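So the sequence shown is numbered by the numbering used here: it starts at 15 and just counts up by one.
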Amino acid sequence: MMGGGFHGWGNDASAVKGKRLEVAVLRRAWGFARPFRAWITGFLTAIVLSALLALVPPLLFRSIIDTALPEGERGLVTVLAALTVLAALADAGLAVVQRWCSSRVGEGLIYRLRVTLFDKVQRMPIAFSTRTQTGALISRLNNDVVGAQNAVTGTLGQVLSNGVVLVTTLVAMLVLEWRLTVVSLVVLPLFVVPAKRVGRRVQALFRQQMTLNAQMNTQMTERFNVAGAQLVKLYGRHPEELSAFDARAAGVAAAGVKVAMYSRVFFVAMGVVAAVGAAATYGFGGHLVIGGELSTGDLVAMAALVTRIYAPLMQLTNARIDLMTAVVSFERVFEVLDAPVSVTDRPGAVELVAPRGRVVFDRVSFRYPAPSEVSIASLESPGSSALGTTPGDPVLHDVDLAVEPGTVVALVGPSGAGKSTIASLVPRLYDASSGAVRVDGVDVRDLTQASLRASIGVVPQDPHLFHESIAANLRYARPEATQAELEAACRAARIHDVIAGLPEGYDTVVGERGYRLSGGEKQRVAIARMLLKDPAIVVLDEATSHLDAENEAAVQAALEEALQGRTALVIAHRLSTIRDADLICVVDAGRIVERGTHDELLAAGGLYADLYRTLSGSTSTVGAGEG
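Structure representation (structure tokens):
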């Protein structure tokens, strides 16, 4: 028990200062722990029995000294000694039961919380991902989930165990000799007061360590990924990076040394105080024994019991901080679970079955939602307490557009005109602020998200590939796809020969974000993945804007096959695709200001003609850049 005296000092008292135990939070936390109530009952029962069983050895020693030895009863000595061994074995068994129950509860609770959180984050709107610090979010799924678990299996068990040990020990001591009990408690101020002062100092050191560790983790995360490592090398910043990391690592080490020394000094002091308490017990108790007011066995039992009250008292002085820290962990978990989900399936949403691919924008206007509607302040930046409640300025204004099945519609226009925003409304990455987007005559908000997105394939400007094999990245579109189907899609995307020429073929791991492949190869893998999905509607968002001529030709050939028979919304694509589009819409300041075929728009002499004449001689693009 003495080793637990430092429990809870790593918790941040300032983080819970002024907070109260919220009944609603505790009730909700119990909701997650409820499926494990049988294991929790077993865990708490084992704690209580273990605390009671720990009283047995001192009382047996008392009987040996006061009864068996004076009367010379060898058999009784043997029986009492055997009972002491049995008590130790029973206590060991209870310790195993405690660990078994706590592990079942703890791991089960972590599992439930993590899966629930992961599911919630996956359902959050894309606006949430664009605003949230990924590291902070991952911390919720790791540190805070573990902190919440510790509330049930750690803090609860510690508080109950210490309370039972303290009460039962004090009762036993008072029954044996109340005067010795009072003497043993006189030295407690010498223990508790310095312990609390040292505890506050250790808390500050732990906070310093945690801050520096977080800074180190951030530096490693940003510098160890491919893009970060490349940037460091290209700018020759290795010495500066090493110096910054060295300073932080040195700070962690220095704080660690201080924590170790404070801990050792405290435990040494605790041992001294315990020795003083034992000396006072033996000193005063010895006089009582000599005076015939106390038996020798009682004195030995009291000396054994007195050492059991210091550690529980110390831990209970920090019980509020431990409990409130646990509640804070639950609150931070619930904060994510309670975050608003602005894009959801309406009640009664229907499946999009056998989609034809007709897309209609009916007087669609859009403004980005207020931060408070899509994000969490504490996940955006440390210390943030509130988010703005005002939506963004209007981005789209009364957009009317009909895309017929099997046709190609190109969106062109200046950077920031709203092209990508228009495309993002089709798969419901965002919802229109007013008006409606319809697929096959049904408002997309009345369709299930799963069926809607199953009918749409998107090839973005910078396609994302997971750090897995090419085959695994392709099967992300259709897990049950056969090898032959993978190869057929890759042939259509003009990438099969490249993959087949790799040493590991389709089992080649592409690296983080696909950095082992060139830009054109990544694009063609993304096109193959889209073809494997076989969507009725295709969105191409700047799919070739950053490719060289050779890669562009390969990707263009792949796209021509990919678009056959599908409805396509093409954003600021190369001029060759733009010219062949069935309809070209010129977007400017969130409005469609011109529409028609390539020849019609050139003849009209408007914005499209200006863009075409300006860019066709140099970049061969119309409206390149983000829209």
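Glycine included, C-beta positions come from ideal geometry on N, C-alpha and C. Here the structure is a predicted model, which is why all the values come from computation and not from measurement.
Item, Value
"Pop quiz: Asp555 and Ile585 are said to be a contact at Cβ under 8 Å. What is the actual Cβ separation, rounded to whole angstroms?", "5 Å"
"What do you reckon, are the CB atoms on Ile484 and Thr522 nearer than 8 Å?", "yes"
"Reducing DSSP to helix, strand and coil, say where Asp457 ends up.", "strand"
"Please classify Ile304 as buried or exposed, where buried requires at least 16 neighbouring CB atoms within 10 angstroms.", "exposed"
"Using the C-alpha atoms, what's the distance from Val160 back to Arg118?", "14 Å"
"With DSSP collapsed to three states, give me the class of Thr358.", "coil"
"Would the beta-carbon of Met284 fall within 8 Å of that of Tyr324?", "yes"
"Could you spell out the range, first to last residue, of the alpha helix (DSSP H) harbouring Arg41?", "Val37 to Ala47"
"Could you please give the first and the last residue of the uninterrupted alpha helix (DSSP H) stretch that includes Leu366?", "Neither: Leu366 is in no alpha helix (DSSP H) and is coded neither H nor E."
"Hey, is the region 142-162 in contact with the region 357-370, meaning 3+ C-beta pairs nearer than 8 Å?", "no"
"Put Arg251 into one of helix, strand or coil per three-state DSSP.", "coil"
"What does a CB cutoff of less than 8 Å around Ala104 pick up in its chain, not counting 5 residues either side in sequence?", "Leu67"
"Please report the Cβ distance between Leu466 and Pro428, rounded to the nearest whole angstrom; I am assuming they are in contact, meaning their Cβ atoms lie under 8 Å.", "Contact doesn't hold; Cβ gap of about 30 Å is too wide."
"Rounded C-beta distance between Val409 and Arg381? I'm assuming under 8 Å.", "6 Å"
"Could you please give the first and the last residue of the uninterrupted beta strand (DSSP E) stretch that includes Ala507?", "Here Ala507 belongs to no beta strand (DSSP E), and DSSP marks it neither H nor E."
"Could you tell me whether any non-hydrogen atom of the ligand COA is closer than 7 Å to the CB of Val350?", "Although the ligand COA was asked about, the structure shown includes no ligands whatsoever."
"Would you kindly work out how many angstroms separate the C-alpha atoms of Arg627 and Ile592, rounded to a whole number?", "14 Å"
"What alpha helix (DSSP H) runs, 4 residues minimum, are completely inside the region 106-183?", "140-145, 148-153 and 159-164"
"Just curious, the beta strand (DSSP E) that Ile585 is in, first and last residue?", "Thr581 to Ile585"
"Between the region 94-112 and the region 59-66, do three or more beta carbon pairs fall short of 8 Å?", "yes"
"Quick one: grab the DSSP three-state call for Phe480.", "coil"
"Taking Leu415 and Ile606 to be in contact with their CB atoms under 8 Å, please state how far apart those CB atoms are, rounded to whole angstroms.", "6 Å"
"Is it right to say Gln163 is buried, meaning 16 or more other beta carbons lie within 10 angstroms of its own, or is it exposed?", "buried"
"Need the endpoints of the beta strand (DSSP E) that Asp602 sits in, please.", "Leu597 to Asp602"
"If you follow the beta strand (DSSP E) that Thr609 is part of, which residue opens it and which one closes it?", "Looking at the sequence shown, residue 609 is not Thr but Arg. Element bounds for Arg609: Arg605 to Gly610."
"Buried or exposed: which applies to Val355, given that a residue is buried once 16 or more other Cβ atoms fall within 10 Å of its Cβ?", "exposed"
"Looking only at DSSP bridge pairs, what is Val473 linked to?", "Leu554"
"Mind reading off the beta-carbon distance from Ala582 to Val552? Whole number of angstroms is fine, and I expect it under 8 Å.", "5 Å"
"Would you identify the three-state DSSP class for Val523, choosing helix, strand or coil?", "strand"
"Tell me the rounded alpha-carbon separation between Asn25 and Val273.", "At Asn25, the pLDDT of 46 sits below 50, so the modelled position is not reliable; the number obtained from the coordinates is stated separately. Each residue's Cα considered, the two are about 14 Å apart."
"Between the region 515-534 and the region 399-406, can you find at least three pairs of beta-carbon atoms closer than 8 Å?", "no"
"Are there three or more Cβ pairs, one per stretch, closer than 8 Å when the region 307-316 is compared with the region 186-199?", "yes"
"Where Arg42 and Arg76 are concerned, what is the direct C-alpha to C-alpha distance, given to the nearest angstrom?", "48 Å"
"Is the region 167-182 close to the region 285-296, with three or more CB pairs under 8 Å?", "no"
"Could you tell me the distance, in whole angstroms, from the CA atom of Gln463 to the CA atom of Trp44?", "32 Å"
"Determine the burial state of Arg377: buried for a count of at least 16 other Cβ atoms within 10 Å of its Cβ, exposed for fewer.", "exposed"
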